[in-house]
Amino acid sequence: MSTSITNSRPICTYPIPVSIQSKLSKAGFLTTGSVVNLRPSELSSSAEISLEDAADVLDLVRKPNGLFLETKTALEILREEQGNCPIVTMSQNIDNLLNGGVPLSKVTEISGIAGVGKTQLCLQLCVTVQMPEECGGLKGHAVFIDTEGSFNASRLQDMSQACIKHCRNSMNLAAENWNFASITENIFVFRCKEVTELLSCVMILKEFLKTHDQVKLIVIDSLAFHFRHDMENAALRSRVLHKIAAELVRIAVELKLAVVVTNQMTTKFDSKGQGHLTPALGTSWGHAPTFRIILDWDPSRNFRWATLIKSSSLPPGSAPYQVRP
Numbered sequence: 001m002s003t004s005i006t007n008s009r010p011i012c013t014y015p016i017p018v019s020i021q022s023k024l025s026k027a028g029f030l031t032t033g034s035v036v037n038l039r040p041s042e043l044s045s046s047a048e049i050s051l052e053d054a055a056d057v058l059d060l061v062r063k064p065n066g067l068f069l070e071t072k073t074a075l076e077i078l079r080e081e082q083g084n085c086p087i088v089t090m091s092q093n094i095d096n097l098l099n100g101g102v103p104l105s106k107v108t109e110i111s112g113i114a115g116v117g118k119t120q121l122c123l124q125l126c127v128t129v130q131m132p133e134e135c136g137g138l139k140g141h142a143v144f145i146d147t148e149g150s151f152n153a154s155r156l157q158d159m160s161q162a163c164i165k166h167c168r169n170s171m172n173l174a175a176e177n178w179n180f181a182s183i184t185e186n187i188f189v190f191r192c193k194e195v196t197e198l199l200s201c202v203m204i205l206k207e208f209l210k211t212h213d214q215v216k217l218i219v220i221d222s223l224a225f226h227f228r229h230d231m232e233n234a235a236l237r238s239r240v241l242h243k244i245a246a247e248l249v250r251i252a253v254e255l256k257l258a259v260v261v262t263n264q265m266t267t268k269f270d271s272k273g274q275g276h277l278t279p280a281l282g283t284s285w286g287h288a289p290t291f292r293i294i295l296d297w298d299p300s301r302n303f304r305w306a307t308l309i310k311s312s313s314l315p316p317g318s319a320p321y322q323v324r325p
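Following UniProt numbering, the numbering of the sequence shown begins with 1 at its first residue and continues without gaps.
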């Protein structure tokens with residue numbers, strides 16, 4: 001009886017990509033029973049899908065009913081979150097604002113006008129994620145996806161040397177345990193010169209991370225650049241952004257790493273015609289990050305300000321920070 005019910009289950013009720021479901025339906029594969037006894041090569045040939053996709057479909061429908069949906073208790077989730085050590089920024093004020101630093105398993109957006117320090121903060125995170133555990137780090141690696149040509153190796157060297165010096169002075173860390181050479185070797189830089197390259201890069205990240213499982217941080221600097229300059233079709237822009245957002249969230253959660261993206265600012269006008277600066281990319285992107293931080297700089301002040309404007313667990317707030325030469 002239970003087998004009959006399982007075999008009559010519609011294929012469309014499984015979490016299979018729409019494009020593959022469409023091909024399965026066109027080929028007459030509408031229920032579990034119509035595919036469950038096929039070999040991957042047979043399903044691939046009949047539905048005109050890749051052998052890998054056919055194997056994934058068969059693996060999914062052959063699982064006991066419902067097991068493809070992962071279930072955890074709230075207590076298990078709480079313990080996982082408490083066990084994840086955040087990535088410190090080396091700014092105590094920003095770390096306090098974020099309850100310890102940039103969190104793992106989340107997408108964090110850093111927005112701000114040009115020159116306010118977004119890239120500097122991203123480079124700093126690429127260094128601090130590698131700090132030894134005894135110094136409060138994760139001893140992890142980093143991926144830096146550069147869309148603007150903003151990756152600055154000489155600036156990275158300055159930050160690395162300052163961070164190494166801090167760890168050695170405060171923790172008596174041996175020189176051979178952590179050095180500039182090891183830091184640069186563990187930052188993987190992808191240069192994406194157009195939006196299609198950015199999309200491709202994001203979509204292959206999961207495969208890249210299979211052989212680089214020590215990566216604990218992915219940076220995209222910046223996400224907005226190509227979308228604001230290369231894409232005039234609003235509908236296409238929204239679809240591509242949604243695809244990138246969904247993949248980044250999936251990677252962050254499944255692999256328990258931090259995803260940090262920088263965003264530009266744009267002017268939004270209210271009903272009275274007054275303009276206000278707000279993060280770019282609109283609502284199609286705005287729901288994706290768990291945390292959104294705006295960096296602001298007033299030349300008349302000695303400190304710049306980081307403001308947390310969105311968080312699922314922390315109250316909004318502001319904190320001063322400095323960018324040192």
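From the three backbone atoms N, C-alpha and C, an ideal C-beta is built for every residue, glycine too.
(1) Shortest alpha-carbon distance to C122 belongs to which of E133, L217, L308, L104?
(2) Can you confirm whether the stretch 294 to 310 touches the stretch 75 to 85 when touching is taken to mean that 3 or more C-beta pairs between the two stretches lie within less than 8 Å?
(3) In the DSSP assignment, find the unbroken beta strand (DSSP E) run with L241 in it and report its ends.
(4) What's the C-alpha gap between W305 and G101?
(5) CA-CA distance, E317 and N96?
(6) Less than 8 Å between the beta carbons of G260 and A288, yes or no?
(7) Using DSSP bridges, identify the partner residues of A142.
(8) Sorted by chain position, which residues of the same chain lie with C-beta nearer than 7 Å to L255's C-beta, five sequence neighbours on each side aside?
(9) With 16 other CB atoms within 10 Å as the buried threshold, where does E133 fall?
(10) Would you please state the rounded distance, in angstroms, between the beta carbons of A319 and I94? I believe it to be under 8 Å.
(11) Just tell me which of S200, T266, N169 has its CA closest to the CA of L241.
(12) Between S220 and S19, what straight-line distance do the alpha-carbon atoms span, to the nearest angstrom?
(13) How far does the alpha helix (DSSP H) with residue 327 in it extend, from its first residue to its last?
(14) With a CB to CB cut of under 8 Å and the five nearest residues on each side skipped, what residues in its chain are close to V195?
(15) Could you check if A153 is buried or exposed, using at least 16 other CB atoms within 10 Å of its CB as the buried criterion?
(16) For N169, name the three-state secondary structure that DSSP assigns.
(17) In this structure, how does DSSP classify H287 when only helix, strand and coil are distinguished?
Answer, in terms of the structure:
(1) L217
(2) no
(3) Segment 234 to 255 is the alpha helix (DSSP H) holding L241; no beta strand (DSSP E) there.
(4) 16 Å
(5) Checking the sequence, you will find Gly at residue 317 rather than Glu. The straight-line gap from Cα to Cα measures roughly 10 Å.
(6) Inspection of the sequence shows that residue 260 is occupied by Val rather than by Gly. Contact: no.
(7) I187, L217
(8) L209
(9) exposed
(10) 6 Å
(11) S200
(12) Before going on, a small fix: residue 220 reads as Ile here, not Ser. Roughly 28 Å separates the two Cα atoms.
(13) In the structure as shown, the chain starts at 1 and stops at 325, and residue 327 therefore has no counterpart that could be examined.
(14) H226, F227, D230, M231, V240
(15) exposed
(16) helix
(17) coil
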